[in-house]
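For my numbering, add 13 to where a residue sits in the sequence shown, where the first one is 1.
Quick reminder that beta carbons are idealized off the backbone N, C-alpha and C, glycines included.
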Amino acid sequence: MEPIRLNEFLNYRFISALALAPGGAHAAFAVSQSNDQNGYDSNLWLLSLKEERAFQFTASGKEKSFIWEDRETLLFPSGRKDEPHGTVFFRQRIGGGEATEAFRLPVKVSAFQGIGKGRYLITAPFRQNLPDPLDFEGEERNAVYKAMEAEEDYEVLDELPFWGNGKGFTNKRRSRLYLYDETMDKLSAISPPLMNVEGITVAEDLTRALYFGCEFDSVCDQTAAVHELNLENLSDRVLLPSGRLHVDGAFYLGGAITLLATDQKRYGTSENTALYRLQPENGGCALILDPDMSFGNSVGTDSRLWGGISAKASCDALYTIVTEQNASRLYVFRGGALLPLTASKGAVDSFDVEGDRILFVGMRGMGLEEIYALDARTGEEKRLTDINDALRGRYVGEPEKLSFTNSDGLSIDGWVIRPKGYDPSQTYPAILDIHGGPKTVYGEVFVHEMQHWASEGYFVLFCNPRGSDGRGNAFADLRGKYGSIDYRDILEFTDQALQRYPAIDPARLGVAGGSYGGFMVNWIIGHTERFAAAASQRSIANWMSKTLTTDIGYYHNMDQMAATPWNGADRMWDFSPLKYADRVKTPTLFIHSNEDYRCWMAEGLQMFTALKLHGVPARLCLFKGENHELSRSGKPQHRVRRLQEMTEWFNHYLKA
14 MEPIRLNEFL
24 NYRFISALAL
34 APGGAHAAFA
44 VSQSNDQNGY
54 DSNLWLLSLK
64 EERAFQFTAS
74 GKEKSFIWED
84 RETLLFPSGR
94 KDEPHGTVFF
104 RQRIGGGEAT
114 EAFRLPVKVS
124 AFQGIGKGRY
134 LITAPFRQNL
144 PDPLDFEGEE
154 RNAVYKAMEA
164 EEDYEVLDEL
174 PFWGNGKGFT
184 NKRRSRLYLY
194 DETMDKLSAI
204 SPPLMNVEGI
214 TVAEDLTRAL
224 YFGCEFDSVC
234 DQTAAVHELN
244 LENLSDRVLL
254 PSGRLHVDGA
264 FYLGGAITLL
274 ATDQKRYGTS
284 ENTALYRLQP
294 ENGGCALILD
304 PDMSFGNSVG
314 TDSRLWGGIS
324 AKASCDALYT
334 IVTEQNASRL
344 YVFRGGALLP
354 LTASKGAVDS
364 FDVEGDRILF
374 VGMRGMGLEE
384 IYALDARTGE
394 EKRLTDINDA
404 LRGRYVGEPE
414 KLSFTNSDGL
424 SIDGWVIRPK
434 GYDPSQTYPA
444 ILDIHGGPKT
454 VYGEVFVHEM
464 QHWASEGYFV
474 LFCNPRGSDG
484 RGNAFADLRG
494 KYGSIDYRDI
504 LEFTDQALQR
514 YPAIDPARLG
524 VAGGSYGGFM
534 VNWIIGHTER
544 FAAAASQRSI
554 ANWMSKTLTT
564 DIGYYHNMDQ
574 MAATPWNGAD
584 RMWDFSPLKY
594 ADRVKTPTLF
604 IHSNEDYRCW
614 MAEGLQMFTA
624 LKLHGVPARL
634 CLFKGENHEL
644 SRSGKPQHRV
654 RRLQEMTEWF
664 NHYLKA
C-alpha cells in the first residue's frame, strides 16, 4: 500500500448541495476539487436514480449552487460570464442542450429559492450606511458603485460584531432578503434594512415563507426575529420578536410553525437547540421537545467542503442531522417522537428527501464523501456513487477505539491510529491531535492530516474530552472550567494510550490542535513538559484580547469564561495560556491566518512573542488572505504548506 502523501487531498473530490428533483427520479449535486490556479473548481453533476449512475453536467468549474425549477430543468448562478456587481443565472435541461442565460441580477446572490410563477426569493449582501445601488439606474448606479469602491479604503465601526470570520468587516453590512419577479424583471427588497437574514423556508404549497435573523443597529444579541411573508400579497408579519430565542431553523410542520431554537438560559451560548412551536395568534412560543441532543453535524474532518441541507420538513415530518456520541446521523421527528434513521458510525454531511426517497452525502468506512440512498423502513444504506477513488491503493489506518473511565468516573472515548508498516518490536513517535470547538467531536471518519502522519510513521492519538459535542449539555458545559477537567481528560487519555500501546515512545510525543485545540496546546505546554514538540493553530492565548477583538468574543467567549474583563479579569487571566508562557520548555510551531477574525492573529503573536522572550524554540507561519477555515477550505497550496510546516516541525523534534 502506498502512503498518504502530504498533498494527496488535491485529488479528493468534495460533494455539496445535494438536491432531489420533484418526483425524485433524479438528483443533482456539486462536486469540487482543487485546480492549478490555487483554488477550487466546482461543477454540477446529475444522478439518475433509476440507473444509479452519476455523471458530470456542467464543465465551467464555476457552479456550486442550483435549484430544480421542474423535473427536467436546473437554474443556477455561474461565474462563466463576468458581472462585477451582480449575478448571472443560467437554465439548462437535463435531457440535453446547452445552458442559456436566464437573467441577471444587480446583486451578488448568496442563496435563492423558487416560489413559483417565475419568482424567486434570494439573499444578497446589503450596506445600510451607503446609498443602495438598486435605487438608481444607468450612470447614476455606476456612480454609486464607484462611491462604494472608494469607501473600501475606510472602515467606520459603530456595531458589534464589526467583523466576521470569512466575511471581513461586517459593520452596517447585512444579508438582505429580496424577491425577484422574472416576468417583470423586478427585484424588490423584503426584509428590514438592519436585519441580517440567516435562514429562509418556503411552504410546500408556495403560499408562504418564513425568514429569520438578528435585527440590530448597535449590538447583535444573537437572538432572532421570525417573520412570515405572504407570497400572494407580499404582506409581512413578525411571528416572534427578537430578544427571546437563538434560532437555527424555522419550518412549516403539520399545519404549525416549528423552530429549532434555544433560550440559552441553562447552558449558555453552547446550549443544544430544542423544538419549539410558534403560536402566532398570541405571539407565544411553546417548547414541544427538548431531547438534549445536538442538531447538526459537528463530526470534524478536513476532507469535506461547502455543505448542503441539514434540516428539512417534508410530509408532516422534520428530517434533521443530529450529532450523537461520535457520529452524525439522520433523524426524523414525526408524531412527537425523534427517531434515528441512519447508522451510528461515520458522518452524514447533508441530505435531501422527496416523498419516500431519501439521499444523503456520507462518510462511511474511512472513505471520502459519497452519496447513499436510505431505506427509512429498514435503515439499509446503499452507496450510489463512486466519485472518489483517490484513496485506492493507499494506506488508510483504521482508528482503534480506546475508551476509558476517567478519574471522575466518566467514560471518555478516544482512538489510536497505528503507523504505516507498524512493527510491535519497534518504538514510534506519536502525535496527540486535539479538536476545536470545544463543542465538536472526533469520530470514525477519514481525516487527511491524521492519515498523512500515520503514513509518516507516527501513532496518532485523538479523543473527545469533556466539552465535546454529542453527549448532552452537561457533558459539553465548560463554562468557567477551560483548562481544568478537559485538560485532565486529555492527559489521562494520553496515559491510557501509552499504557495500551507500548510501542509508543513516551519521549517522542507531539501535540497539535486548532482553535479550541490551539488553546489546549498553548495550555498544555504551560502546564507539562511531557511533549517534545507542539503545533498550535488558530489558537487562543489571552482571553482578555480574545473577548474584545474577535467576532464571537463579546458574547460567546465571555459566556464561556463565566466572566468579563470588568467583573472577572483575574479569572480570565487565570484561564489564559499566556499567563503560564514563562514556564514553557516545549518547542512550539504557531500557525495563524491574517484574516482569522474568530481567533485573531494577535493570539498567536502574543504566545509566539512570549516564547521567544523566554528562549523557547518557536516559529510562526502566518498565512495571508486566509481565515479560520485554512485547514478545511483554504487555498490548496496554503493547505499543503500548513501541513508541511507541522510535519517538518514534528519530524525535526520527534525523529531527529
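So residue 487 and residue 480 are in contact, right, with Cβ under 8 Å, and what is the actual spacing, rounded?
Position 474 of the sequence shown, counted from the start, is the residue given in the question as residue 487. Position 467 of the sequence shown, counted from the start, is the residue given in the question as residue 480. Not a contact, Cβ separation roughly 11 Å.
In three-state DSSP terms, what is residue 624?
Taking the sequence shown and counting its residues from 1, the one referred to as residue 624 is at position 611. Helix, per DSSP.
Which of helix, strand or coil does DSSP assign to residue 293?
If you number the sequence shown from 1, residue 293 lands on position 280. In the structure shown, residue 293 sits in coil (DSSP, three-state: anything other than H, G, I, E or B).
With residue 616 and residue 552 assumed to form a contact (beta carbons below 8 Å), what rounded beta-carbon distance in angstroms separates them?
Within the sequence shown, residue 616 is the residue found at index 603, counting from 1. Within the sequence shown, residue 552 is the residue found at index 539, counting from 1. About 6 Å; that satisfies the 8 Å criterion.
Integer-rounded CB distance, given that residue 47 should sit under 8 Å from residue 53
Residue numbering aside, residue 53 sits at position 40 when the sequence shown is read from its first letter. Residue numbering aside, residue 47 sits at position 34 when the sequence shown is read from its first letter. Right, their Cβ atoms sit about 6 Å apart.
Rounded to a whole number of angstroms, what is the C-alpha to C-alpha distance between residue 65 and residue 354?
As a first step, residue 65 must be located in the sequence shown, where it is residue number 52. As a first step, residue 354 must be located in the sequence shown, where it is residue number 341. Taken atom to atom, the span from the alpha-carbon of residue 65 to that of residue 354 is near 21 Å.
Measure from the alpha carbon of residue 177 to the alpha carbon of each residue in 613, 650, 596, 465, then state which is nearest.
Here residue 177 refers to the residue found at position 164 of the sequence shown. If we check each option's Cα against that of residue 177, 613 comes out closest.
Return the first residue and the last residue of the beta strand (DSSP E) that residue 77 is part of.
For the purposes of this step, residue 77 is taken as residue 64 along the sequence shown, with counting starting at 1. For residue 77, there is no enclosing beta strand (DSSP E), since its DSSP letter is neither H nor E.
Can you give the Cα-Cα distance for residue 524 and residue 457, rounded to whole angstroms?
Here residue 524 refers to the residue found at position 511 when the sequence shown is read from its first residue. Here residue 457 refers to the residue found at position 444 when the sequence shown is read from its first residue. About 20 Å.
Three or more beta-carbon pairs under 8 Å between the region 531-547 and the region 238-258, yes or no?
no
Give me, in chain order, the residues of the same chain whose beta-carbon lies closer than 8 Å to that of residue 574; leave out the 5 immediate sequence neighbours on both sides.
Start at 1 with the first residue of the sequence shown, and residue 574 comes out as number 561. Answer for residue 574: 492, 493, 495, 556, 560, 581, 584, 585, 588, listed in chain order.
In terms of alpha-carbon separation, which member of 341, 180, 374, 576 lies closest to residue 312?
To locate residue 312, count along the sequence shown from 1; it is residue 299. For the residues 341, 180, 374, 576, the minimum Cα distance to residue 312 belongs to 341.
So, using beta-carbon positions, are residue 119 and residue 146 closer together than 8 Å?
As a first step, residue 119 is located in the sequence shown; it is residue number 106 there, counting from the start. As a first step, residue 146 is located in the sequence shown; it is residue number 133 there, counting from the start. Cβ atoms of residue 119 and residue 146: closer than 8 Å.
What does the alpha-carbon distance come out to for the pair residue 43 and residue 77?
In the sequence shown, the residue the question calls residue 43 occupies position 30. In the sequence shown, the residue the question calls residue 77 occupies position 64. If you take the alpha carbons of residue 43 and residue 77, they lie about 5 Å apart.
I want to know whether the region 313-322 touches the region 290-303 - three or more CB-CB distances under 8 Å.
no
In terms of DSSP beta bridges, what is residue 477 paired with?
The residue given as residue 477 occupies position 464 in the sequence shown. DSSP, once it has assigned bridges, lists 426 as partnering residue 477.
For residue 326, write down the residues that DSSP places opposite it in a beta bridge.
Counting from one through the sequence shown, the residue named residue 326 turns up at place 313. Per DSSP, 331.
Name the one or two DSSP bridge partners that residue 276 has.
Here residue 276 refers to the residue found at position 263 when the sequence shown is read from its first residue. Residue 276 is not bridged to any residue.
With residue 582 as the anchor, note down where its alpha helix (DSSP H) starts and where it stops.
Start at 1 with the first residue of the sequence shown, and residue 582 comes out as number 569. From DSSP, the alpha helix (DSSP H) with residue 582 extends over 582-587.
With DSSP as the reference, identify every bridge partner of residue 635, one or two as the case may be.
Reading the sequence shown from its first residue, position 622 is the one you call residue 635. Per DSSP, 605.
Let's test the definition: count the other Cβ atoms within 10 Å of the Cβ of residue 68 and tell me whether it reaches 16, buried, or not, exposed.
For this step, residue 68 is matched to residue 55 along the sequence shown. Per the 10 Å Cβ criterion, exposed.
If you reduce the DSSP assignment to three classes, tell me which class residue 448 lands in.
Working through the sequence shown from its first residue, we reach residue 448 at position 435. Residue 448: coil per DSSP, three-state reduction.
Within 10 angstroms of the Cβ of residue 668, are there 16 or more other Cβ atoms? Answer buried if so, exposed if not.
Counted from its first residue, the sequence shown places residue 668 at position 655. Residue 668 comes out exposed.
Excluding the 5 residues flanking residue 520 on each side, which residues of the same chain have their C-beta closer than 7 Å to its C-beta?
In the sequence shown, residue 520 corresponds to position 507, counting from 1. If we look at residue 520 and ignore the five residues flanking it on each side, its Cβ neighbours are 545.
Beta strand (DSSP E) runs wholly inside the region 215-275, at least 3 long, in chain order:
221-228, 238-243, 249-253, 259-266, 269-275
For residue 33 versus residue 372, is the C-beta spacing smaller than 8 Å?
To locate residue 33, count along the sequence shown from 1; it is residue 20. To locate residue 372, count along the sequence shown from 1; it is residue 359. Closer than 8 Å, so yes.
Endpoints, the beta strand (DSSP E) within which residue 127 is located:
As a first step, residue 127 must be located in the sequence shown, where it is residue number 114. 124-129 is the extent of the beta strand (DSSP E) around residue 127.
With 16 other CB atoms within 10 Å as the buried threshold, where does residue 454 fall?
Here residue 454 corresponds to residue number 441 of the sequence shown, with the count starting at 1. Classification of residue 454: buried, given that the 10 Å Cβ count is 16 or more.
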